[in-house]
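Top to bottom, those sequences are chains Z and G.
Just so you know, we're using this note's numbering here: the first sequence kicks off at 1 and counts up by one.
Just so you know, we're using this note's numbering here: the second sequence kicks off at 190 and counts up by one.
All C-beta atoms in this analysis are idealised placements derived from N, C-alpha and C, irrespective of residue type, glycine included.
It should be emphasised that the depicted structure is a prediction, and the values quoted were computed from it without experimental measurement.
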Amino acid sequence: MRERHPRSVNFEIPRYILFMTYFSNIKTAVSTVFEGMTITFSHLLREPMTIQYPDRTPLPVKDTLPPRYRGFLCVRPEICTACTLCQKTCPIDCIVIEHSKDEELKQRVMTRFDIDMAKCMFCGLCTEQCSTGAIYFTNEFEASTSNIKDLVFKFIKQGEKVIPYKIPRKKKPAAAAAETQAAAKEKKE
Amino acid sequence: MTESNQPEKVFKTEEMVLNMGPQHPSTHGVLRFELTTDGEVMTKAVPDIGYLHRGIEKLAETVGYVGFMPYTDRIDYVSAMTANQGYAMAVEKLAGIEVTRRAELLRCTASELNRISSHLVGVGSFGLDMGASTPFVHALRERETINDLLESLCGARLTYNYVRIGGVSHDLPTGFIDKAMVFLNHFEPIVGELNRLLSDNKIFIERLANIGVISKEDAINYGLVGPNLRGSGVKFDVRRDEPYSVYPELDFNIPVGLGKAGTLGDCFDRYYVRVEEMRESAKIVRQCLLKLKDLPEGDIMGKVPRKIKPPKGEVLVKVESSRGEMAYWIVSDGSDNPLRLHCRTGSFTSMGIIEKLSRGMMIADLVALIGSFDIVAPEVDR
Chain Z
1 MRERHPRSVN FEIPRYILFM TYFSNIKTAV STVFEGMTIT FSHLLREPMT IQYPDRTPLP
61 VKDTLPPRYR GFLCVRPEIC TACTLCQKTC PIDCIVIEHS KDEELKQRVM TRFDIDMAKC
121 MFCGLCTEQC STGAIYFTNE FEASTSNIKD LVFKFIKQGE KVIPYKIPRK KKPAAAAAET
181 QAAAKEKKE
Chain G
190 MTESNQPEKV FKTEEMVLNM GPQHPSTHGV LRFELTTDGE VMTKAVPDIG YLHRGIEKLA
250 ETVGYVGFMP YTDRIDYVSA MTANQGYAMA VEKLAGIEVT RRAELLRCTA SELNRISSHL
310 VGVGSFGLDM GASTPFVHAL RERETINDLL ESLCGARLTY NYVRIGGVSH DLPTGFIDKA
370 MVFLNHFEPI VGELNRLLSD NKIFIERLAN IGVISKEDAI NYGLVGPNLR GSGVKFDVRR
430 DEPYSVYPEL DFNIPVGLGK AGTLGDCFDR YYVRVEEMRE SAKIVRQCLL KLKDLPEGDI
490 MGKVPRKIKP PKGEVLVKVE SSRGEMAYWI VSDGSDNPLR LHCRTGSFTS MGIIEKLSRG
550 MMIADLVALI GSFDIVAPEV DR
């Protein structure tokens, strides 16, 4: 014998009470539904909350984002020191930096700085490590493409050699970093 | 011939095994239930988990202590901030790192805001499961403001990665306190509006009353946590009973189920505990913001070594996530990476009791039961 379902009607209650509760239940149901409906209809008269996303917003969406927004990563190779801290911190290894000693220029040069944005999870650990602010987040977030290879951002073109930036020795490194970061922020804004 | 006239011989009946999920709208993600049904009534419903297993615990052994922080977002994406906080607290306890008071207040503010947004999703989508689609839209509208606030605070809307080992990543942006206060003043009446829209609705109450009743003893024995436990009338909250962060100095109540609709510990009680908790979280955020306003500017990061190498040992840290008690267990062998990391989450523990409750339950009521547990599928599997 199966257990009786908890909601099954208990027939020991007199019929007329069941009959009365039946109608009072309908009454409360209708009144509470009506109360909910008044809220719904009050919103009909209020200002709409929705926006028409891509083309009918008052401002482009990327301009309305807060400054800390974590969009696509961007790199300024000219102030990159090639310390590869960002590459080491990245938990999913989406940053690839290649640097080697160049025989002609007699110094270390960067030959590759790739970020695979398809892999990136926008955690922001790399930008925190950077001492010069060379790697930073932009407000860009729209890059749908039919080819996933387009999402590998190459900040140093193939064959190009970039001499890593050297933080001037005169100032304390922390102060210089703060200055360059401030400059980066200014440029960004 | 006489035998074939008997109804048992004419209509051969047997139990039917039915799959619910993995792609079912009411399971909130990829989660499968194997139902053994007799008509509309189930004799058994067995949750089959593992469809969303991503090996996050194993990943911790390779990415290191700092690198694992973004992964904690992905354990529970609806309330990532509390998952962040729990992991950071575990590593801090293991490595003996002190956190500044400002950072603790910032963490508390962010995680309570996140708790509100998580409960809004839980409450709204529960209404959606039960066939009320309007409250879901209203709940998400409120969540949008919280998302905007947290976006201005840490730069992301869902996977925050805000908490760092030893502190937080960013201080408050300008105007955050005022904006958050405006939101809280607006939000507290909204809970009442949500109640009028959904919780007071007779049809909604009747749908949930006396469904999936969990007694106090069962709730404790099956290891339910958080709002699911409190819905059964057990007054246990990690924030109050094993306090961490700045919670001891804050004033808030712990809402428990009262059996308003019918029996104590039914689906409605679990739902209503979440609604009440939103009010309490709003209270906590308000207190935290006032404390932050009085606090002078200061460091948001404690003294953290350049390379985090905790000494040998193991640690177990519990936090109150939106889905209940979330525990991190980390074993360190003294190297850069944890030897073993385990996290125990609220949605996973609530899976155990479903088989027991489903006996004699109707299939449509299983949807109510799963919804009342507020399950997030990635949290079940990790």
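Asked	Found
Determine, using beta-carbon pairs with one atom in the stretch 460-472 of chain G and one in the stretch 301-318 of chain G, whether at least three such pairs fall under 8 Å.	yes
I need the DSSP call for M190/G, collapsed to helix, strand or coil.	Caution is warranted here: a pLDDT of 46 is assigned to M190/G, below 50, making its placement in the model unreliable, and the coordinate value is therefore given only provisionally. Coil.
Looking at chain G, is there any beta carbon in it that lies within less than 8 Å of the beta carbon of L59/Z?	no
Identify which residue in S307/G, G446/G, P236/G and I443/G has its Cα closest to the Cα of H213/G.	P236/G
Any idea what DSSP makes of R263/G, helix, strand or coil?	helix
Please list, in chain order, the residues of the stretch 340-352 of chain G that have any C-beta partner in chain Z closer than 8 Å.	E340, S341, L342, C343, G344, A345, T348 and N350
Per DSSP, P236/G forms a beta bridge with which residues?	F222/G
Suppose the cutoff is 8 Å on Cβ atoms and the five residues either side in sequence are ignored; what does the same chain contact list for L329/G look like?	L309, V310 and G313
In this structure, what does DSSP give as the bridge partners for F137/Z?	L73/Z
Apart from the five residues just before and just after A284/G, which ones in its own chain have a Cβ nearer than 7 Å to its Cβ?	I497 and P499
For Y260/G versus P527/G, is the C-beta distance shorter than 8 Å?	no
Look at the alpha carbon of M37/Z and the alpha carbon of L386/G, and state the distance between them as a whole number of angstroms.	8 Å
By DSSP, does D102/Z sit in helix, in strand, or in coil?	strand
Using only the alpha-carbon positions, how far apart do I79/Z and G133/Z sit?	8 Å
For F200/G, which residues from the same chain have a beta carbon less than 7 Å from its beta carbon, with the 5 sequence-adjacent residues on both sides left out?	none
Which term fits E469/G, buried or exposed, when burial requires 16 or more other beta carbons within 10 angstroms of its beta carbon?	buried
Bridge partners for R112/Z per DSSP, in chain order?	E98/Z
Excluding the 5 residues flanking E503/G on each side, which residues of the same chain have their C-beta closer than 6 Å to its C-beta?	V520
Return helix, strand or coil for M1/Z, following the three-state DSSP convention.	Summary for M1/Z: the model assigns pLDDT 48, below 50, so the residue's position carries little reliability, and this model does not support an answer.
Counting Cβ pairs closer than 8 Å, one from the stretch 146-154 of chain Z and one from the stretch 76-92 of chain Z, do we hit at least three?	no
Does the separation of the CB atoms of G513/G and N374/G fall below 8 Å?	no
Does the distance from the C-beta atom of M540/G to that of M231/G stay below 8 Å?	no
Apart from the five residues on each side of it in sequence, which residues of its chain come closer than 8 Å, Cβ to Cβ, to K545/G?	D407 and Y411
Determine, using beta carbons only, whether V33/Z comes closer than 8 Å to chain G.	yes
Could you give the distance in angstroms between the alpha-carbon of Q107/Z and the alpha-carbon of R495/G?	29 Å
Note down the Cα distance separating M117/Z from S306/G, rounded to an integer number of angstroms.	28 Å
Against chain Z, does V556/G count as a neighbour if the rule is that its beta carbon must be under 8 Å from one of theirs?	no
Classify D57/Z: buried if its beta carbon has 16 or more other beta carbons within 10 angstroms, exposed otherwise.	For clarity, residue 57/Z is Thr in the given sequence; the question names Asp instead. By the 10 Å Cβ count, T57/Z comes out exposed.
At 4 residues or longer, what runs of the alpha helix (DSSP H) sit wholly inside the stretch 286-358 of chain G?	290-318 and 323-343
Buried or exposed: where does M20/Z fall if 16 or more other Cβ atoms within 10 Å of its Cβ makes it buried?	exposed
Can you check DSSP and say which residues form a bridge with S524/G?	According to DSSP, S524/G bridges with nothing at all.
Between the beta-carbon of T452/G and the beta-carbon of N399/G, is there less than 8 Å?	yes
Could you spell out the range, first to last residue, of the alpha helix (DSSP H) harbouring H43/Z?	R15 to L45
Output yes if chain Z places a C-beta closer than 8 Å to the C-beta of I392/G; else output no.	yes
By how many angstroms is the C-alpha of V206/G removed from the C-alpha of M190/G?	Its pLDDT being 46, under 50, M190/G is placed unreliably in this model, and the coordinates cannot settle the point.
Quick check: is the beta carbon of Y69/Z nearer than 8 Å to any beta carbon in chain G?	yes
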